[in-house]
Amino acid sequence: MYCSKRDRRTAVIVLIPFLAILFLFVYGFIGWSLRVSFSAWDSILPNMKSVGFENYIELFKTQRFKTDIRNTIYFTVFFIAICIIGGFFLSYLLYSNLKGEGILRTIYLFPLSLSFVVTGVLWRWIFSPEVGVNALFRMMG
Numbered sequence: 000m001y002c003s004k005r006d007r008r009t010a011v012i013v014l015i016p017f018l019a020i021l022f023l024f025v026y027g028f029i030g031w032s033l034r035v036s037f038s039a040w041d042s043i044l045p046n047m048k049s050v051g052f053e054n055y056i057e058l059f060k061t062q063r064f065k066t067d068i069r070n071t072i073y074f075t076v077f078f079i080a081i082c083i084i085g086g087f088f089l090s091y092l093l094y095s096n097l098k099g100e101g102i103l104r105t106i107y108l109f110p111l112s113l114s115f116v117v118t119g120v121l122w123r124w125i126f127s128p129e130v131g132v133n134a135l136f137r138m139m140g
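Take the sequence shown: its position 74, counted from the start at 1, is 73 in numbering that gives the first Met the number 0, and no numbers get skipped.
Okay, structure coming up:
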């Protein structure tokens, strides 16, 4: 797809504020967190003494950290396994010729479609001439 230089320049100008905010609030705070992690700072006094990797060495020595890592890996593996197995099971139930297949599909797909229906009805009310934004504008004059 061809873009003219003017379109590219406009795109860059529009993206600059977004990228500045992204770098400030995402990467800036990541950098600040790294700086704090390599220092002995109690967050009350302004002085920050650099301690190098001492905080990380102390962290890796604790039994709590090892337990937390083990639990995280354990729950991640089992959660992913349950999601994959459950997804395969649901897809098998939805696409097999079982008795009550229509009811099963309705029970599974109804919550998915309900949010779209509610959103559509709300937008219809918002733009309705009798009660929505138009009525508000009419009342304001």
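We put the beta carbon where it would ideally sit given N, CA and C, even for glycine.
Item	Value
Could you pull the DSSP bridge partners for A39 from this structure?	K48
If you draw a straight line from the C-alpha of G27 to the C-alpha of L58, how long is it?	24 Å
So the alpha helix (DSSP H) C2 belongs to, where does it begin and stop?	First-last for C2: undefined, no H or E at that position.
Using the Cα positions of L18 and Y1, report the straight-line distance between them to the nearest angstrom.	24 Å
Have a look at I56 and G86 and give me their C-alpha separation to the nearest angstrom.	41 Å
Rounded to whole angstroms, what is the Cα-Cα separation between R34 and I125?	49 Å
What's the C-alpha gap between G131 and R137?	10 Å
Starting from P110, trace the alpha helix (DSSP H) in both directions and tell me its first and last residue.	E100 to I125
Taking S49 and S42 to be in contact with their CB atoms under 8 Å, please state how far apart those CB atoms are, rounded to whole angstroms.	So it is not a contact: roughly 16 Å between Cβ atoms.
Output the distance between the C-alpha atoms of F74 and N54, rounded to the nearest integer angstrom.	26 Å
Locate the alpha helix (DSSP H) running through G131, then write down its first and last residues.	Per DSSP, G131 belongs to no alpha helix (DSSP H) and is neither H nor E.
In chain order, what residues of the same chain lie with their CB nearer than 7 Å to the CB of F77, ignoring the 5 residues before and after it?	none
Indicate whether Y107 and L93 have their beta-carbon atoms separated by less than 8 Å.	yes
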